[in-house]
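Take the sequence shown: its position 110, counting from 1, is numbered 111 in the working numbering, and each next residue is one higher. By construction, the Cβ of each residue, glycine as well, lies at the ideal position given by its N, Cα and C atoms. Quick caveat: nothing in here was measured; it's all calculated off a predicted structure.
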Amino acid sequence: MKTFAITGATQGVGYFAAEELARRGHHVVLLGRSVEKLNRALISITEQVPDASTSRILLDLTSSESIASAATSLSARERLDGVLLNAAHVSPGAHREQDSQGRELTMSTNHLGHFELTAQLMDALLAAKPVLDDETSEKSRVVAVGSLATRIYPFDLEDWQSTHLYEPKRAYAASKHALEMFTFELDRRLQAAGAPVEALVVDPGIPVNGATPARAGVSEPTAWQRFASRLAGPFAHGKHRAAAIAVHALTSDAVAGGDYLGPARTLRGTPVKLDKPATQRDRERATRLWSLSEASTSATFRLSETVS
């Protein structure tokens, strides 16, 4: 039985990814900020998959102490085969907010918290694991959930935390640009170190509540949302469909590190490989962002030391 951890697993894409992984017989560790929401998600998964193997860990991605605690708990497990970096602050307020360390809240949640968590989980991801009968790949995976917003809004690395110019949608897009750039750069560094871990990014398309299955206490679309999703038709799909792309990235032998996956019809559909946006192919900018992220989190990736 493989073990996968998912941030933001109490609702949306994260929840449905957890449900599907449990259905496939994997152990799933749900990470979230609320005990109540984690418990509801665990109950819902068990209702759908009676023999599901699940556990929960509290995680606040804006808190270094919470990240360290969660990473310690995850690293203590017998194995860790993959992490889905999914949690996101998706609706930034009209005014710029900061976390307790003075970092822009959306960037802190969506990118910097995941950067720090991944750094602290690297030893567990790199560790040798018991071989499973059906196992065809020995590599662990880090999968980041990106966003279509990165194709709409440019990324100003000079103002990456929206210090000088703040606009909610641009702040959200900036955080997803950063998460995607980090993940592709992580894969390049993993490959250079010869590490048995690979990293890739998924674009979930446009997942909407109205096209998503109902789950008590987790996913409860209203009649209006159902109606609106029918009008959206070819322009959106359910969050369970977006989750299927993430699960494919975590488990399929047909994908590899550095891949960029998204829906076949741009906004919806089955997973296919996409061309990376130009921003995510810019190694110089990615290296600079990496340095900025290390300075903002005190997280350090010692890949060559760990692998050797």
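Close Cβ partners of residue i (< 6 angstroms) along its chain, the five nearest in sequence each way excluded
i, result
"Lys-3", "His-27 and Asp-82"
"Ser-309", "With a pLDDT of only 44 at Ser-309, under the threshold of 50, the placement of this residue in the model should not be trusted; the figure read from the coordinates follows. Cβ neighbours of Ser-309 beyond the five flanking positions: none."
"His-96", "none"
"Ser-45", "Arg-216 and Val-219"
"Pro-169", "Pro-93"
"His-165", "none"
"Glu-98", "Leu-106"
"Tyr-154", "Arg-171 and Ala-174"
"Ser-176", "Thr-107, Met-108, Asn-111 and His-112"
"Ser-56", "Val-30"
"Arg-190", "Leu-304"
Cutoff 7 angstroms; reference residue i; Cβ partners in own chain excluding five residues on either side
i, result
"Val-248", "Ala-18, Glu-21 and Leu-22"
"Asp-188", "Glu-199, Ala-200, Leu-201, Gly-258 and Gly-259"
"Leu-32", "Ala-6, Ile-7, Thr-8, Ala-10, Ile-58, Leu-60 and Ala-71"
"Ala-179", "Met-108, His-112, Trp-161 and Leu-290"
"Ala-287", "Met-182, Phe-185 and Glu-186"
"Val-91", "Tyr-173"
Residue i versus the options, residue with shortest Cα-Cα distance
i, options, result
"Pro-310", "Thr-280, Val-203 and Pro-278", "Past the edges of the chain, shown from 2 to 309, lies residue 310, and the structure says nothing about it."
"Ser-253", "Gly-13, Leu-201 and Val-30", "Leu-201"
"Thr-151", "Lys-277, His-90, Tyr-167 and Gly-218", "Lys-277"
"Ser-109", "Ala-125, Ala-88 and Gln-121", "Ala-88"
"Gly-13", "Ser-299, Ala-244 and Glu-66", "Ala-244"
"Glu-285", "Gly-147, Glu-186 and Ala-71", "Glu-186"
"Ser-67", "His-90, Gln-192, Ser-35 and Glu-79", "Ser-35"
"Pro-205", "Arg-216, Asp-160, Arg-80 and Tyr-261", "Tyr-261"
"Ser-74", "Asn-40, Gln-102, Leu-122 and Ser-92", "Leu-122"
"Glu-181", "Gly-33, Thr-280, Ile-44 and Ser-56", "Thr-280"
"Leu-43", "Leu-62, Tyr-16, Arg-25 and Thr-63", "Tyr-16"
"Gln-192", "Asp-52, Arg-142, Pro-272 and His-165", "Arg-142"
"Lys-130", "Phe-302, Tyr-173, Arg-80 and Val-29", "Arg-80"
"Val-30", "Ser-54, Leu-158 and Arg-41", "Ser-54"
"Val-50", "Ser-65, Arg-24 and Gly-94", "Arg-24"
"Ile-207", "Asp-157, Leu-158, Tyr-167 and Gly-270", "Gly-270"
"Ala-145", "Ala-125, Asp-124, Asn-40 and Thr-119", "Thr-119"
"Leu-86", "Arg-78, Gly-147 and Tyr-167", "Gly-147"
"Ala-250", "Lys-140, Ala-175 and Tyr-154", "Lys-140"
"Phe-183", "Arg-282, Glu-48, Ser-56 and Ser-76", "Arg-282"
"Ala-77", "Phe-156, Val-256 and Ala-128", "Ala-128"
"Ser-294", "Tyr-167, Leu-158 and Trp-225", "Leu-158"
Counterpart residues of residue i in DSSP-defined beta bridges
i, result
"Gln-99", "Glu-105"
"Glu-199", "Arg-142"
"Pro-272", "Pro-264"
"Thr-8", "Leu-32"
"Leu-85", "Ile-7 and Val-144"
"Ser-220", "Arg-216"
"Pro-208", "His-238"
Expected contact under 8 angstroms - CB spacing of residue i and residue j to nearest Å
i, j, result
"Met-214", "His-241", "Reading off the sequence, residue 214 comes out as Pro, not Met. At roughly 6 angstroms, the Cβ-Cβ gap stays under 8 angstroms, so Pro-214 and His-241 are in contact."
"Leu-312", "Ser-292", "Nothing about residue 312 can be read from this structure; the chain reaches only from 2 to 309."
"Leu-304", "Ala-194", "4 angstroms"
"Leu-62", "His-115", "7 angstroms"
Close beta carbons around residue i, own chain, < 8 angstroms, minus the five adjacent residues each side
i, result
"Val-273", "Leu-262, Gly-263, Pro-264 and Ala-265"
"Ser-65", "Gln-102, Glu-117, Thr-298 and Ser-299"
"Val-256", "Leu-201, His-249, Ala-250, Leu-262 and Lys-274"
"Leu-133", "Met-2 and Lys-3"
"Thr-47", "Ala-53 and Thr-55"
Cβ-heavy atom distance, residue i to the ligand FAD, below 8 angstroms
i, result
"Ala-10", "The model on display carries no ligand, and the ligand FAD is accordingly not part of it."
Alpha helix (DSSP H) runs contained entirely in the region 112 to 151, provided each spans 4 or more residues: 114 to 127
Those runs of the alpha helix (DSSP H) which lie wholly inside the region 30 to 68 and span at least 4 residues: 36 to 49
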